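Below: the structure, in structure tokens.
Chains as they are written, first to last, in our numbering: chain A, 382 to 738; chain B, 3 to 369; chain C, 24 to 347.
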């Protein structure tokens, strides 16, 4: 079960010990020539030990930036992380660690699988070298032992003849193979948290299924928690237990996959689900969410989604709904939140479309 | 690997032949031809001119056939003494002399005779090669090393004071005319401050002319003094070459390094927990150097052009100065020889750059 | 400074779309993103204006060009008039008389006048060389890139050959044998020899643009080859070509100066910035620094100005660069 936290309440105290990762009111802004891009603007969520969480949203919604902020891989400047933001991992606030301490976390406690296996592997070193590098760094093994560990992890991700493959360069491997190498690299140091950023986006459907299956399998075997970032609700449905929906730098809805997919609350989530093509809808016109993500330099004053929202009413244009004000606090929408100045939630929305999956 | 090199070398043959053709026709197209120098001289008879032309394997008329014969003579396929494709000993002329071939033409290492000096061009050029290579290779090593160091630092510390200072100076030095910079350095360091000699390779009167037999004897007697003396003379010309070349190249290295630093695999390396330094030096650096290797290879022709400039300004007795003298004297064979040799060196250096590239980049296939 | 943009890559921010919210009418109108709609030239000009160094460069060039046009008219140069000097090697700069503000050469001729009058030939050599070389380079590069195959092979082997031969060697030989001190011939020589690098660039751009999606799309809807070339490909090569041309321009000005400095360039009866300092080296050793210094400074300033301008144009003409 995901939990939402009101900012400041739990301030600076580590979360319960079974919570592996807890993000509190994360704000990551980019300072560029044309102004400030609020890529992540007040995001809070958490993952318990060994659990799986999907982070869903359109490209540009801030999900990848969130991941990179957790890893502290963004260059500052241009990025700026709000000093009041907190990222608790295993009892420590990552944002207060020194670069030295953070390095010991990266690759060791938290490992990341990137979207583009083609460009994410260094073309001038063998894949074995690149895996062994992380192993010898974090586990202080001899080069030979590190190499053997690298071969083992290649084997673990189902690569045949791992001894031979380890000596090959990335360009000598197929795309699916490279993605397996990325997973092997992430696993090589037995991380507690695995962040997979769109691991299947560049793959075809068969391949996609295999890679997801593999990620689930290794996650299960190693007991690591998984944070899966994707724009694809189908992927989420098959792979994770909980889900966080992001829109324009905010979390707009959280819950278990079943709840969110079967009975979405936020109009955006509803729109996302409605826009998935399915057998039942064959021949019908596909539902799409009108309009596009707002200009990052020119965010709406009220609810970010209001310009595209079919249920837009009174407070939406001028007031920003906050997820922690909703009851229960799992959706950022005025439909579920007492309107500003009134103590009662406006109404229970009349569903016209119903459940679509 | 060796297969790859052999394939590349074979691929160069048409290019080398093209260079030979161009250097020949550049001279052939010049108005008047070499005998033009006698036009103003009434005491030279037509018969004398014929003898003179024959000695240089040239012909008076300019028919397609005569041009082909002249080219054949220069290339070493045609023998001007026997006026056939056969040598004096009766073998095919293009074969090595030991196999009954002739001894004229490029194929036999003969680039003709200097019109002015009457000496074999091959000898005259060979004498000057050490001086030019000493200057250019020293400059090349220093500038590539510095450009890489400065460019990488500038990329890693992007927008820092260091980066901006480097940017400023590269703009300035990139734009300064080389020959003018040389003149100004001579004025400041040799005339005004008297720290360094204004020109030459060795101090005249203290040392015999560079690369002469006497010189090497004197060199053997006091090698340390000799090296110091040359070193003193080298500082200004090398400095000029280094400053103007570093300006462009450090920008190139910086751009390449920045490009690499933005690659996904650099992020992967950092996500592994590697220290920044190692990420830069191991993962980014090697990839960033790939285009730099190619670029240095492409810049080599400018090395010789740069040598012409610095050698004339600093009266450095190398191939560049020989070339300028040759242009002044309209000494055709020296010019043909120099263009041929420098172009060939460029082609060979380019090949070396390609091979280096293939060694550093595993994606290049050898077969 | 597009590096700032690149730092944003992980987010893959979609480019702000103009008036995107209008798509289905009604609803989102309140939040419609209103950006002024500008055509690409207006946008380019806007970006260029923000490039301070480029504006300075353009200003300096404007001065040089006006000097090139007006210089010989307002201050006619007479090569036979040698006023004489009060000290051997030439008189040093003095503020007492206007024409000796930069000193004189060994014959007492004003260095300032060399600069003012010499601008015409120097600037003309730079400009027309760039024009000729760009025309040839773009044509050859476009032919090779567009047709590919054998045409490409032949043209590019020829370019390889020209690039292998040290440029300055050929320039000097040609200037000496064919030049005869005439500026027009010199321009032709420079122009005919300066294009190979540019043609290679244009070819590479053509090769990649030929496969670009928008060209494929144009082809798919049946646009003719000629129209694709002129309407879709050439305009996209504009930025890099302009930058390359400004480099050729700057190089040609320096080249003219060097060739003339060696006395192989412009004849002694004309003045260019190069031949203004052609005999100065001997006197330099006697301490006569002003003679080569001032023409060289003007030369350097012009080149810096051209390079700044080129940088500004590159940023302005590259539709992907968002900030100056």
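We treat Cβ as the ideally placed atom computed from N, Cα and C, and that holds for glycine.
Nothing here was measured: the structure is a model prediction, and the numbers come from that model.
Item                                                                                                                            : Value
CB contact check: residue 297 of chain B to chain A, cutoff 9 Å                                                                 : no
Helix, strand or coil at residue 687 of chain A according to DSSP, with G and I counted as helix                                : helix
The beta strand (DSSP E) enclosing residue 420 of chain A, as first and last residue numbers                                    : 416-429
Partner residues on chain B for residue 452 of chain A, Cβ-Cβ distance less than 7 Å                                            : 273
Reduced DSSP category for residue 497 of chain A - H, G, I as helix; E, B as strand; rest coil                                  : coil
Distance between beta carbons of residue 150 of chain C and residue 272 of chain C, contact taken as under 8 Å                  : 6 Å
For residue 84 of chain C, the nearest candidate out of C/132, C/276, C/337, C/198 (CA to CA)                                   : C/276
Inter-stretch contact at 8 Å, needing at least 3 Cβ pairs: the segment 420-427 of chain A / the segment 393-406 of chain A      : yes
Beta-carbon gap between residue 437 of chain A and residue 612 of chain A smaller than 9 Å                                      : yes
Burial state of residue 245 of chain C (16 or more Cβ within 10 Å)                                                              : exposed
Coarse secondary structure for residue 209 of chain B, derived from DSSP in three states                                        : coil
Distance between residue 81 of chain B and residue 74 of chain B (C-alpha atoms, nearest Å)                                     : 8 Å
Residue 623 of chain A - partner residues in DSSP beta bridges                                                                  : A/434, A/637
Those residues which DSSP pairs with residue 411 of chain A across a bridge                                                     : A/418, A/460
Rounded straight-line distance, which links the Cα of residue 711 of chain A to that of residue 624 of chain A                  : 11 Å
Same chain only: Cβ atoms within 7 Å of residue 317 of chain C, ignoring 5 sequence neighbours per side                         : 125, 134, 138
Closest by C-alpha distance to residue 221 of chain C, when choosing among C/88, C/159, C/294                                   : C/159
Nearest candidate by alpha-carbon position, reference residue 410 of chain A, set A/605, A/551, A/677                           : A/677
Alpha carbon of residue 177 of chain C to alpha carbon of residue 233 of chain C, nearest angstrom                              : 20 Å
Any non-hydrogen atom of the ligand SAH closer than 8 Å to residue 417 of chain A Cβ                                            : Annotation note on the ligand SAH: not contained in the displayed structure, which lists no ligands.
For residue 631 of chain A, the residue or residues it bridges with in DSSP                                                     : A/628
Under 9 Å by beta carbon: chain A residues contacting residue 289 of chain B                                                    : 503, 504, 505
Counted within 10 angstroms of its Cβ, other Cβ atoms place residue 101 of chain B as buried (16 or more) or exposed            : exposed
Sub-9 Å separation of residue 339 of chain C and residue 153 of chain C beta-carbons                                            : no
Residue 474 of chain A - partner residues in DSSP beta bridges                                                                  : A/469
Amino acids of chain C, ordered along the chain, whose beta-carbon sits closer than 8 Å to that of residue 314 of chain B       : 285
Beta-carbon separation (whole angstroms), residue 435 of chain A vs residue 620 of chain A, contact threshold 8 Å               : 7 Å
Nearest-angstrom Cα separation, counted from residue 685 of chain A out to residue 56 of chain C                                : Note that residue 56 of chain C scores a pLDDT of 41, beneath 50, so its modelled location is shaky; the value from the coordinates is reported in the next line. Taking the straight line from one Cα to the other gives about 13 Å.
Sheet register partners of residue 133 of chain C (DSSP bridge)                                                                 : C/127
Chain B residues whose Cβ lies nearer than 9 Å to that of residue 319 of chain C                                                : 178, 179, 181, 182, 183, 185, 186
Proximal residues of chain A, C-beta to C-beta of residue 276 of chain B below 9 Å                                              : 484, 487, 488, 514, 515, 518
Own chain partners of residue 111 of chain B with C-beta closer than 8 Å, once the 5 adjacent residues on each side are dropped : 124
Collapsed DSSP secondary structure at residue 122 of chain B in the structure displayed                                         : strand
Residue 3 of chain B - DSSP class collapsed to helix/strand/coil                                                                : coil
CA-to-CA distance, residue 692 of chain A to residue 586 of chain A, given in whole angstroms                                   : 35 Å
Contacts that residue 306 of chain B makes with chain C (C-beta to C-beta distance below 8 Å)                                   : 189, 191, 192
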